[in-house]
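*Asks:* The structure that follows is given in the form of structure tokens.
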Amino acid sequence: MSTLRFHFDIISPYAYLAWTQIHDIAERGGVTVEPVPVLFAALLEAHGTRGPAEVPARRAYLIHDVARIAERFGVPLSPPPAHPFNPLLALRLASLPLPADQRRALIDGLFRAAWADGTGVTDPAAVAVIAGRAGISPDALAQAEDGETKARLRDQSARAIAEGVFGVPTSIVNGCMFFGCDSLPHLAHFLAHGDVVPEELVARWANLPAAASRR
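In the numbering used here, the protein residues as written are 1195 to 1409.
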């Protein structure tokens, strides 16, 4: 069975929304989901871009966009105590080597705290409660802050950047990349029918000359 690598950062409401759908899409498509926590800020820095919350006009639009998507998906949505926020503890905890069922339960809880019930994921005590509900021992919080776990998150982010991941959520399966909530229908179609993008078109587009540039 093929693996779908789902790259996410808890800081992203779009990653939360996609997480609520990705397992059903994967099950219908006959693939398994491998959650890959990455640091969104590292992706932005590597590609010289800014996140939606850093552009005032995009931030204002984002509020409406994520609410519409949540309504369409039929999932709860509530803003965190602050945004942007520091997601490092949550990402490092989600990067620990855990059984698949515990990892999913943990990520479910972290996303729910960040984007569904508004409690947030920056308070270690609150994160410890989330971890406990997923069956993870309190010792895991200390392990999440050790050097090995920090390096694991950095390595996951570096690998994602090397593969061309520029934002979250991004799914990679069978060598093809799908970014954002808008791509979820395309991902489902790909899993059912294969890629509809002609290789010749991709090659021709990649070799187009640049006729203008932005100062």
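All C-beta atoms, glycine included, are put in the ideal place defined by N, C-alpha and C.
Quick caveat: nothing in here was measured; it's all calculated off a predicted structure.
When the distance is taken between beta carbons, is residue 1256 closer than 9 angstroms to residue 1355?
*Replies:* Locating residue 1355 in the sequence shown gives position 161, where the first residue counts as 1. Locating residue 1256 in the sequence shown gives position 62, where the first residue counts as 1. No. Outside cutoff.
*Asks:* Out of curiosity, what's the CA-to-CA distance linking residue 1301 and residue 1403?
*Replies:* Stepping through the sequence shown from its first residue, residue 1301 is reached at position 107. Stepping through the sequence shown from its first residue, residue 1403 is reached at position 209. Their backbone Cα atoms lie some 43 angstroms apart in a straight line.
*Asks:* Under 9 angstroms, do residue 1367 and residue 1232 count as touching if we go by C-beta distance?
*Replies:* Locating residue 1367 in the sequence shown gives position 173, where the first residue counts as 1. Locating residue 1232 in the sequence shown gives position 38, where the first residue counts as 1. In this structure, residue 1232 does not lie closer than 9 angstroms to residue 1367 by Cβ.
*Asks:* Quick check: residue 1378 and residue 1216, are their CB atoms within less than 9 angstroms of each other?
*Replies:* Against the sequence shown, residue 1378 aligns to sequence position 184. Against the sequence shown, residue 1216 aligns to sequence position 22. A contact, by the Cβ cut-off of 9 angstroms.
*Asks:* Assuming residue 1239 and residue 1197 are in contact, meaning their beta carbons sit under 8 angstroms apart, how far apart are those beta carbons, in whole angstroms?
*Replies:* In the sequence shown, the residue the question calls residue 1239 occupies position 45. In the sequence shown, the residue the question calls residue 1197 occupies position 3. About 27 angstroms; that fails the 8 angstroms criterion.
*Asks:* Alpha carbon to alpha carbon, what distance is there between residue 1387 and residue 1335?
*Replies:* Indexing the sequence shown from 1 puts residue 1335 at position 141. Indexing the sequence shown from 1 puts residue 1387 at position 193. Roughly 42 angstroms between the two C-alpha positions.
*Asks:* Could you pull out every residue in the same chain whose Cβ sits closer than 8 angstroms to the Cβ of residue 1267, ignoring the five residues on either side in sequence?
*Replies:* The residue labelled residue 1267 in the question sits at position 73 within the sequence shown. The answer, listed in chain order, is 1211, 1214 and 1215.
*Asks:* Would you identify the three-state DSSP class for residue 1381, choosing helix, strand or coil?
*Replies:* In the sequence shown, counting from the first residue as 1, residue 1381 sits at position 187. Helix at residue 1381.
*Asks:* How far does the beta strand (DSSP E) with residue 1244 in it reach, from first residue to last?
*Replies:* Locating residue 1244 in the sequence shown gives position 50, counting from the first residue. Looking at the DSSP string, residue 1244 is not in any beta strand (DSSP E), and its letter there is neither H nor E.
*Asks:* Confirm, please, whether the CB-CB distance from residue 1347 to residue 1222 is below 9 angstroms.
*Replies:* In the sequence shown, counting from the first residue as 1, residue 1222 sits at position 28. In the sequence shown, counting from the first residue as 1, residue 1347 sits at position 153. For residue 1222 and residue 1347, no; Cβs fall outside 9 angstroms.
*Asks:* Less than 8 angstroms between the CB atoms is what I'm expecting for residue 1321 and residue 1276, so what's the real figure, rounded?
*Replies:* Within the sequence shown, the letter at position 127 stands for residue 1321. Within the sequence shown, the letter at position 82 stands for residue 1276. Going by Cβ atoms, the distance from residue 1321 to residue 1276 rounds to 15 angstroms, so no, they are not a contact pair.
*Asks:* Determine the burial state of residue 1307: buried for a count of at least 16 other Cβ atoms within 10 Å of its Cβ, exposed for fewer.
*Replies:* Along the sequence shown, one-based indexing puts residue 1307 at 113. Buried, because 16 or more other Cβ atoms sit within 10 Å of the Cβ of residue 1307.
*Asks:* Comparing C-alpha positions only, which one of 1278, 1352 and 1390 sits nearest to residue 1241?
*Replies:* Walking along the sequence shown from the start, residue 1241 turns up at place 47. For the residues 1278, 1352 and 1390, the minimum Cα distance to residue 1241 belongs to 1352.
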